[in-house]
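Chains as they are written, first to last, in the numbering used here: chain X, 1 to 257; chain Y, 1 to 257.
2 protein chains.
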Amino acid sequence: MQELSSRSNPTIQAAKSLQTAKGREAMGAFLLDGEHMVSEALAICPDKIRQLFVTADKAEQFASLLAKAEGSEIFSVPQHVLEAISQVKTPQGIAAVCELPPDRAIEEMGDKLLLLENVQDPGNVGTIMRTLDAAGFDGVIMTRGCADPYSPKVLRATMGSIFRVQITRCEAALSAMEQLHASGYDTVATALGGEPFYERTALAGRICVLIGNEGAGLSSRVISAAKRSYSLPMRGGAESLNAGIAAAVVMYDLMNR
Amino acid sequence: MQELSSRSNPTIQAAKSLQTAKGREAMGAFLLDGEHMVSEALAICPDKIRQLFVTADKAEQFASLLAKAEGSEIFSVPQHVLEAISQVKTPQGIAAVCELPPDRAIEEMGDKLLLLENVQDPGNVGTIMRTLDAAGFDGVIMTRGCADPYSPKVLRATMGSIFRVQITRCEAALSAMEQLHASGYDTVATALGGEPFYERTALAGRICVLIGNEGAGLSSRVISAAKRSYSLPMRGGAESLNAGIAAAVVMYDLMNR
Chain X
1 MQELSSRSNP
11 TIQAAKSLQT
21 AKGREAMGAF
31 LLDGEHMVSE
41 ALAICPDKIR
51 QLFVTADKAE
61 QFASLLAKAE
71 GSEIFSVPQH
81 VLEAISQVKT
91 PQGIAAVCEL
101 PPDRAIEEMG
111 DKLLLLENVQ
121 DPGNVGTIMR
131 TLDAAGFDGV
141 IMTRGCADPY
151 SPKVLRATMG
161 SIFRVQITRC
171 EAALSAMEQL
181 HASGYDTVAT
191 ALGGEPFYER
201 TALAGRICVL
211 IGNEGAGLSS
221 RVISAAKRSY
231 SLPMRGGAES
241 LNAGIAAAVV
251 MYDLMNR
Chain Y
1 MQELSSRSNP
11 TIQAAKSLQT
21 AKGREAMGAF
31 LLDGEHMVSE
41 ALAICPDKIR
51 QLFVTADKAE
61 QFASLLAKAE
71 GSEIFSVPQH
81 VLEAISQVKT
91 PQGIAAVCEL
101 PPDRAIEEMG
111 DKLLLLENVQ
121 DPGNVGTIMR
131 TLDAAGFDGV
141 IMTRGCADPY
151 SPKVLRATMG
161 SIFRVQITRC
171 EAALSAMEQL
181 HASGYDTVAT
191 ALGGEPFYER
201 TALAGRICVL
211 IGNEGAGLSS
221 RVISAAKRSY
231 SLPMRGGAES
241 LNAGIAAAVV
251 MYDLMNR
């Protein structure tokens with residue numbers, strides 16, 4: 001274990017640069033904060049961890065974790081240096097630099113996909129990934145207008161599912177839908193005014209559920225281009241559902257009914 | 001319309017006191033911020049609006065709204081006074097003081113209820129109310145450990161459903177469950193390790209779904225006391241679902257399958 005005591009050290013500065021999307025892209029990496037995220041990553045993709053930073057007082061507590069990080073550089077740092085790297089106010093004594101996975105080819109992502117069109121709230125995006133993982137869907141396609149899946153708030157809300165979910169990003173929903181249709185996916189829009197979801201005819205095989213922006217919903221061109229369009233019942237006076245809630249209800253029903 | 005130009009005016013100070021739970025209890029009222037919340041309240045319960053505050057530059061824009069507030073006092077205030085009352089950084093020019101509804105007797109709330117045990121995140125609590133309204137459930141029972149349903153963050157997340165959902169608060173989940181059982185409700189716990197939810201025998205009549213704290217889930221005594229206990233499938237590696245997501249999947253399935 002190497003000691004690094006200065007915030008101005010280039011290794012520290014490089015890790016700190018991962019706080020921004022630009023920095024993540026330049027480095028091809030993202031930052032994991034705290035024991036839960038680091039241990040999930042070490043369990044699922046240990047070879048993707050480039051560097052680990054741990055405070056001296058926590059080195060013993062995290063010894064078994066650090067033992068799993070065979071191929072990674074491990075640095076002992078003072079608390080103020082970890083605070084400079086970290087994206088939370090009170091870091092938990094451990095952080096790691098993890099390689100960004102390459103975007104997947106859509107047709108290799110699996111049979112059950114979700115496409116998010118400009119879902120902007122980081123908490124929503126992270127929760128959707130966690131739910132997708134739990135429901136047994138395979139992956140998510142995200143337009144560039146979505147919250148960055150490797151930003152700190154999204155990562156926290158995924159509760160570790162970020163490492164188990166296939167992710168790819170696309171410029172716009174329509175071009176992704178062309179690829180989906182060419183690869184035999186049924187695209188399923190969720191939109192007010194669609195057919196009643198619970199009266200649908202069976203859906204099997206390759207499916208991609210389309211979820212729209214929190215305020216605007218799916219764009220009308222996306223709804224028109226979708227093979228199917230469904231709405232969930234709104235029995236009370238609520239005008240719509242939260243994007244993450246709609247995605248959850250649809251994914252769980254498609255997987256279990 | 002009366003003009004009030006000073007923050008130290010007692011009417012303004014009283015409205016400002018609604019920012020805290022203590023102030024809301026003392027006044028028996030809560031604050032509605034912005035056009036959407038105020039217009040929902042005026043549509044559903046106009047007689048509960050005690051006072052309206054509008055900035056002079058927005059009085060014309062909101063004229064048709066103000067016309068619906070027949071029984072309420074209406075005050076024209078400068079922007080800095082509205083900012084003092086309001087709980088958001090940039091208020092939208094209108095706010096209202098609305099009477100707190102009395103807590104309902106559990107057996108009068110309807111046939112489909114939700115009981116939240118210490119759900120603490122205001123966004124979660126608000127989203128759960130919005131979903132409950134959309135799914136067609138009738139009301140929510142909340143332990144004192146839950147986020148206050150009349151706090152600004154919860155109100156915003158309900159998107160107006162606060163006015164359509166029956167709410168009652170209880171000291172602890174177990175005492176509420178005794179009342180529920182005495183009134184013929186089937187209590188349905190959602191818990192890891194429960195029976196498979198999608199293989200359940202039919203549930204009809206009076207039902208109360210139990211949802212636990214974000215981190216800890218339902219307490220073990222609540223799970224033991226529940227008539228039924230179900231778990232949702234976890235197919236990927238996710239360990240649990242967000243509380244609001246679990247509530248949504250269960251409510252929509254119970255209402256539509």
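C-beta: ideal position from N, C-alpha, C; glycine also.
Original post:
What's the gap between the Cα of K22 (chain X) and the Cα of P102 (chain X)?
Top reply: 16 Å
Original post:
Closer than 7 Å, Cβ to any Cβ of chain X: which residues of the stretch 128 to 154 of chain Y, in chain order?
Top reply: R130, T131, D133, A134, A135, G136
Original post:
Taking the Cβ atom as the reference point for each residue, do L203 (chain X) and D186 (chain X) lie within a distance shorter than 8 Å?
Top reply: yes
Subject >> Three-state secondary structure assigned by DSSP to A134 (chain Y) >> reply: helix
Original post:
Mind pulling the chain Y residues with CB within less than 7 Å of V249 (chain X)?
Top reply: A248, V249, Y252
Original post:
What residues in its chain sit with their C-beta under 6 Å from that of I44 (chain X), if we drop five residues either side in the sequence?
Top reply: F163
Original post:
Ordered along the chain, which non-local residues of its own chain (more than five positions away) have a Cβ less than 6 Å from that of S161 (chain Y)?
Top reply: M129, R130, D133
Subject >> Simplified DSSP state of Q79 (chain Y), which is helix, strand or coil >> reply: helix
Original post:
Using 8 Å as the Cβ pair cut-off and three pairs as the minimum, do the stretch 87 to 100 of chain Y and the stretch 19 to 38 of chain Y touch?
Top reply: yes
**OP:** Please go through the same chain and pick out, in chain order, the residues whose beta-carbon is closer than 7 Å to the beta-carbon of R169 (chain Y), but skip the five residues on each side of it.
**Re:** D103, M142, R144
Original post:
Whole-angstrom Cβ separation of M255 (chain X) and G136 (chain X), contact assumed at under 8 Å?
Top reply: 5 Å
Original post:
Is the beta carbon of I74 (chain Y) less than 8 Å from the beta carbon of G34 (chain Y)?
Top reply: no
Original post:
Between F62 (chain Y) and V140 (chain X), what straight-line distance do the alpha-carbon atoms span, to the nearest angstrom?
Top reply: 42 Å
Original post:
Rounded to the nearest angstrom, how far is the Cβ of G184 (chain Y) from that of R206 (chain Y), given a contact under 8 Å?
Top reply: 5 Å
**OP:** Identify which residue in X:D138, X:L116, X:N124 has its Cα closest to the Cα of E107 (chain X).
**Re:** X:D138
Original post:
Grouping DSSP H, G and I as helix and E and B as strand, with all else coil, what is L113 (chain X)?
Top reply: strand
Original post:
Which chain X residues are close to S161 (chain Y), counting only those with a beta carbon under 8 Å from its beta carbon?
Top reply: G236, G237, A238
Original post:
Among Y:N9, Y:S6, Y:V222, which one has its Cα closest to the Cα of A172 (chain Y)?
Top reply: Y:V222
Original post:
Which value, in whole angstroms, describes the spacing of the CA atoms of S6 (chain Y) and Q19 (chain Y)?
Top reply: 18 Å
Original post:
Secondary structure at N118 (chain X), three-state DSSP: helix, strand or coil?
Top reply: coil
Subject >> Close Cβ partners of A15 (chain X) (< 6 Å) along its chain, the five nearest in sequence each way excluded >> reply: I85, V97
**OP:** Can you tell me which of X:N213, X:V250, X:S151, X:L218 puts its alpha carbon nearest to the alpha carbon of P196 (chain X)?
**Re:** X:V250
Original post:
Among X:M1, X:C146, X:I245, X:V188, which one has its Cα closest to the Cα of A67 (chain X)?
Top reply: X:M1
Subject >> Host beta strand (DSSP E) of Q166 (chain Y) (start-end) >> reply: 166 to 170
Subject >> alpha helix (DSSP H) segment containing Y252 (chain Y), residue limits >> reply: 243 to 256
Subject >> Beta-carbon gap between S76 (chain X) and V54 (chain X) smaller than 8 Å >> reply: yes
**OP:** Compare the C-alpha of N118 (chain Y) against each of Y:L82, Y:L192, Y:P149 and name the closest.
**Re:** Y:P149
Subject >> Contact list for L114 (chain Y) against chain X, beta-carbon separation under 8 Å >> reply: Going along chain X, no residue has its Cβ under 8 Å from L114 (chain Y), so there is no contact; the nearest lies around 13 Å.
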